[in-house]
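First comes the structure, then the notes that go with it.
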Amino acid sequence: MLDLSQLRSFVAVEQMGSFTLAAERLGLGQSTVSQHIQRLEAALGRKLLARDTHKVMLTGDGEALLSHARAMLSIEGQVQSLFKSNSLRGRLRLGVSEDFVTSQLPAVLEDFVRSHPSVDLELTVALSGVLYEMQDNGEIDLVLAKRRLGDARGTLVYREPLVWLARDPEHVLASGLLPLIAFPPPSVTRAIALEALGRNGVAWRIVCTCGSLSGLTAAARAGMGVLVQPRSMAPSGLKEIAAGKLPVLEDVEFVLVPRKGADRALVAALSEDILQKVRRLRAA
1 MLDLSQLRSF VAVEQMGSFT LAAERLGLGQ STVSQHIQRL EAALGRKLLA
51 RDTHKVMLTG DGEALLSHAR AMLSIEGQVQ SLFKSNSLRG RLRLGVSEDF
101 VTSQLPAVLE DFVRSHPSVD LELTVALSGV LYEMQDNGEI DLVLAKRRLG
151 DARGTLVYRE PLVWLARDPE HVLASGLLPL IAFPPPSVTR AIALEALGRN
201 GVAWRIVCTC GSLSGLTAAA RAGMGVLVQP RSMAPSGLKE IAAGKLPVLE
251 DVEFVLVPRK GADRALVAAL SEDILQKVRR LRAA
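Under the UniProt record's numbering, the first residue of the sequence shown is numbered 1, with each subsequent residue one higher.
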């Protein structure tokens, strides 16, 4: 019989791409996670993970196991929920900013969904400003998004510096007008970038506007211009432009903002889960 603790460690390593981050996420020692993987591989008689100098990846057998492992953990969560007298039930509408989705959201949400199978979680992905507008209209119960410094709304999750990014910084900076790749209004990062350029008298032009971070990243990787992103969310293939080359950007803060009138128990449970996991991931 397969051990669910070992399967949980296996899924966490796959998702985080690292034994260290998986251990932090699960609240275990790295040696414990390593032992779980070794015992699982021994029980199955197959190598499940391959390691290189940068990341841990699944082997073919690991990929074959992954969906079954997730299904078994999901069943475990359903059984536990069935026999909990205080199990959470209901619908919760979560709004998450575009850039957070591509970096940390899977690790944050997977355990919650598995542990609370009776909660109908609806996810909306959009720009932070759009999410706040939707929440004001009663369409979203909990927002995880950016706010500018000085904005008092919500509970602070963490603060992050914004950086200028480009495929070839020297080439981009040599052009007459600074070519910008940006989200459309009401993007927080766009507003901060344009204000910084305006204060410092830097001429600019928008060369690409897209509501999807994947689209902006593709344009930046193609060398079209400069992209502004939180430092920890900088896409691969782009270089941070050295300090002093462009104006300093103010930090942004990621926050959790509940809607007045939303189910307090559901909002509190998901908020606490997000706070714990994101802070643990960042500490790691």
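Idealized CB from N, CA, C, for every residue including glycine. Computed from a predicted model, the values in this text were never measured in an experiment.
Quick check on H36: buried or exposed, where buried means 16 or more other Cβ atoms within 10 Å of its Cβ? It is buried - the Cβ of H36 has at least 16 other Cβ atoms within 10 Å.
Quiz item: Nearest-angstrom Cα distance between L26 and V207?
Solution: One alpha carbon belongs to L26, the other to V207, and they sit about 43 Å apart.
Thinking C-alpha only, which one of R39, S187, V108, D263 is nearest L227? Ranked by Cα distance from L227, the first of R39, S187, V108, D263 is S187.
Once you ignore the five residues that flank A218 on each side, which residues in its own chain have a CB closer than 7 Å to its CB? Cβ neighbours of A218 beyond the five flanking positions: none.
Tell me the DSSP secondary structure of I241 in three-state form.
In the structure shown, I241 sits in coil (DSSP, three-state: anything other than H, G, I, E or B).
| said: Taking the beta strand (DSSP E) that E160 belongs to, which residues open and close that run? | reply: 155-160 is the extent of the beta strand (DSSP E) around E160.
| query | Per DSSP, what kind of secondary structure is A69 in: helix, strand or coil? | reply | In the structure shown, A69 sits in a helix (DSSP, three-state: H, G or I).
- Message: Taking the alpha carbon of R89 as the reference point, which residue from M1, R231, D120, G17 has its own alpha carbon closest?
- Response: Out of M1, R231, D120, G17, D120 has the C-alpha closest to the C-alpha of R89.
Given that a residue counts as buried once 16 or more other Cβ atoms are within 10 Å of its Cβ, and exposed if not, what is K277?
Burial call: buried.
| Would you call A220 buried or exposed, if buried means 16 or more other Cβ atoms sit within 10 Å of its Cβ? | Flag for A220 reads buried.
- prompt: Can you give the beta carbon distance from L142 to L256, rounded, assuming they're within the 8 Å contact cut?
  reply: A Cβ-Cβ distance of about 7 Å is found for the pair L142 and L256, placing them in contact under the 8 Å criterion.
Buried or exposed: which applies to D251, given that a residue is buried once 16 or more other Cβ atoms fall within 10 Å of its Cβ?
Exposed, since its Cβ has fewer than 16 Cβ neighbours within 10 Å.
What's the gap between the Cα of E195 and the Cα of G154? Near 24 Å, if we compare the C-alpha coordinates of G154 and E195.
*At what residue ranges does the UniProt domain "HTH lysR-type" (2-59) contain a whole run of the alpha helix (DSSP H), taking only runs of 4 or more?*
Entirely contained in the UniProt domain "HTH lysR-type" (2-59), the alpha helix (DSSP H) runs reaching 4 residues are, in chain order, 4-16, 19-26, 30-44.
Return the first residue and the last residue of the alpha helix (DSSP H) that E110 is part of.
-> DSSP places E110 inside the alpha helix (DSSP H), whose first and last residues are 105-115.
### Query
Unbroken alpha helix (DSSP H) runs of length 4 or more, entirely within the region 217-273: which are they?
Here no run is fully enclosed.
(message) Whole angstroms are fine: how far does the CA of N137 sit from the CA of A12?
(response) Taken atom to atom, the span from the alpha-carbon of A12 to that of N137 is near 36 Å.
Between R167 and G223, is the Cβ-Cβ spacing less than 8 Å?
Yes.
Review point. Should the region 44-64 be called in touch with the region 14-25, which here means at least 3 C-beta pairs below 8 Å?
Key: Contact holds between the region 44-64 and the region 14-25, because three or more Cβ pairs, one in each stretch, are under 8 Å apart.
- Distance CB(L28)-CB(M72) smaller than 8 Å: At least 8 Å separates the beta-carbon of L28 from that of M72.
With distance defined between alpha-carbon atoms, name the residue in L4, K239, E253, D273 nearest to E76. Per the Cα distances, L4.
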